[in-house]
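Below is one structure, written out as structure tokens; the observations come after it.
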Amino acid sequence: MSLSDASISHVKHIPTQIEEFDRVLCGGIVPGSVTLLAGEPGIGKSTIVAQLAHLFSTQKPAYYVSGEESEGQVAMRLKRLNVDPKNILFSNAIDIDAILSSAKQHNPSLLIIDSIQTMIASEIDNLPGTPTAVRAATAQLIGFAKQSNTPVLLIGQMTKDGSVAGPKTLEHLVDTVLTLEGDKQSAFRLLHCGKNRFGSTDEVGIFEMTQSGLQGVDNPSARFLEDRTQNPGSVVTCVMEGTRPILVEVQALAEKSLFANPIRRTSGYDASRLQMLLAIISKRAGVAVSALDVYVNVVGGIKIKEPAADLAICAAIISSVKDTSYPKDTIAFGEMGLSGEIRTVPFIEKRIKEAQRLGFTNILSPKTKKHLREIIG
Numbered sequence: 001m002s003l004s005d006a007s008i009s010h011v012k013h014i015p016t017q018i019e020e021f022d023r024v025l026c027g028g029i030v031p032g033s034v035t036l037l038a039g040e041p042g043i044g045k046s047t048i049v050a051q052l053a054h055l056f057s058t059q060k061p062a063y064y065v066s067g068e069e070s071e072g073q074v075a076m077r078l079k080r081l082n083v084d085p086k087n088i089l090f091s092n093a094i095d096i097d098a099i100l101s102s103a104k105q106h107n108p109s110l111l112i113i114d115s116i117q118t119m120i121a122s123e124i125d126n127l128p129g130t131p132t133a134v135r136a137a138t139a140q141l142i143g144f145a146k147q148s149n150t151p152v153l154l155i156g157q158m159t160k161d162g163s164v165a166g167p168k169t170l171e172h173l174v175d176t177v178l179t180l181e182g183d184k185q186s187a188f189r190l191l192h193c194g195k196n197r198f199g200s201t202d203e204v205g206i207f208e209m210t211q212s213g214l215q216g217v218d219n220p221s222a223r224f225l226e227d228r229t230q231n232p233g234s235v236v237t238c239v240m241e242g243t244r245p246i247l248v249e250v251q252a253l254a255e256k257s258l259f260a261n262p263i264r265r266t267s268g269y270d271a272s273r274l275q276m277l278l279a280i281i282s283k284r285a286g287v288a289v290s291a292l293d294v295y296v297n298v299v300g301g302i303k304i305k306e307p308a309a310d311l312a313i314c315a316a317i318i319s320s321v322k323d324t325s326y327p328k329d330t331i332a333f334g335e336m337g338l339s340g341e342i343r344t345v346p347f348i349e350k351r352i353k354e355a356q357r358l359g360f361t362n363i364l365s366p367k368t369k370k371h372l373r374e375i376i377g
């Protein structure tokens, strides 16, 4: 068959009414799709699926299967979130055949499996969580989703290195892979899409953990900066989360070390990249940092993964060393080269526009500065 003769069906998304969640999924959950939601324990996965179960249960029952918690524990969470459990079916079975047999009888609006690592398939003689058991259970759930046109949401765990626990084939089998990230000590959570067969993976959802569950953050830049005070070592930068420019504060503290090997610590920033930036500051800007303990923190629990924050990190460290503050309307972004040059970054116009929207007029960027020496006051 020639692909030119193939019929192209329009993919219909079901809005979940959680705006940030729908943003990431390009409109909502697709009927018959299988979505994997992964995250560290305690990050808020069960909270958001409880909210989804409630929203999907308005027309038909939603089916919540938990191999990790009892019905009492799940009921307590629903009560805490002010969710009416009346139309939410629950099972703590781990046999995937029994679960699917029950699901076929109830024809739910949404099937939630919490978590896929606890499920077993009867034809596979393996313990729950083994690669074979996870693959077999996932394959049966995919078959059910396609045949019944029921969306299935799988909960998965994350390993220490930030990857999805279980066999890599798990991510290949499902239609969509979502990861929920954030610092447990912070209220903010970021929802990333690593794979989406029905849309783009460019969007990121930003949530705040509240007593009533995860709530979308409409203006994240303003929220991340609302408690900021202007002190030495504090600089605002603009990072891209998907296609969204977000302003965050980076803080640095440099102090004379009492040890032969100075301490270098980061929170929300790559420690090895900090070492490189310290070398650039020392060699190319002439600011002595080799004998200093240096601490870098990204405020709000955000993890910066792009090099566009290099200039802000350097500026914050230099500010702390010299014990001077930049003007309050200062923002910095740009990638640092090893020669001390400030290199351009993607979406520079978007970053500038977001900065100006929030009143930042002193913009240190590749458009205004060419070398690190130029930002030293």
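Sequential numbering of the sequence shown, starting at 1, is according to the numbering used here.
Using N, Cα and C, we set each Cβ at its ideal position, and we do this for glycine too.
- For E208, the secondary structure class from DSSP, reduced to helix, strand or coil, is strand.
- When the alpha-carbon of G340 is set against those of G286, T176 and D323, the nearest one is in G286.
- Residue range S234 to E241 is occupied by the beta strand (DSSP E) that includes E241.
- Taken in chain order, the whole beta strand (DSSP E) runs of length 3 or more contained in the stretch 115-200 are 152-157, 176-181 and 188-196.
- Judged by DSSP secondary structure, V294 falls within the beta strand (DSSP E) whose first and last residues are L292 to V298.
- With contact defined as three or more Cβ pairs closer than 8 Å, the stretch 15-32 and the stretch 211-231 are in contact.
- Here F90 is near E71, since their CB atoms are less than 8 Å apart.
- Distance check between S109 and each of K370, L364, M119 and N87 places N87 closest, using alpha-carbon atoms only.
- A308 counts as buried, since at least 16 other C-beta atoms from the protein chains shown sit within 10 angstroms of its C-beta.
- When A332, L278 and S46 are compared, the shortest CA-CA separation from T344 is found for A332.
- If you ignore the 5 residues before and after R77, its C-beta comes within less than 6 Å of the C-beta of A50, all in its own chain and listed in chain order.
- Secondary structure of L214 (DSSP, three-state): strand.
- For the options S4, P31 and R23, the alpha carbon positioned closest to that of I14 is the one of P31.
- For F347, there is no enclosing alpha helix (DSSP H), as DSSP marks it with neither H nor E.
- For Q251, the enclosing beta strand (DSSP E) stretches over residues R244 to K256.
- Ranked by how close their Cα comes to the Cα of T229, the residues A98, D329 and K353 have D329 in first place.
- Cβ atoms of G268 and I304 come within 8 Å of each other, at about 6 Å.
- D125 counts as exposed, since fewer than 16 other C-beta atoms from the protein chains shown sit within 10 angstroms of its C-beta.
- Between the C-alpha atoms of V24 and Q105 there is a straight-line separation of about 31 Å.
- When C-beta atoms of the stretch 237-253 are compared with those of the stretch 193-212, three or more pairs fall below 8 Å, so the two segments count as touching.
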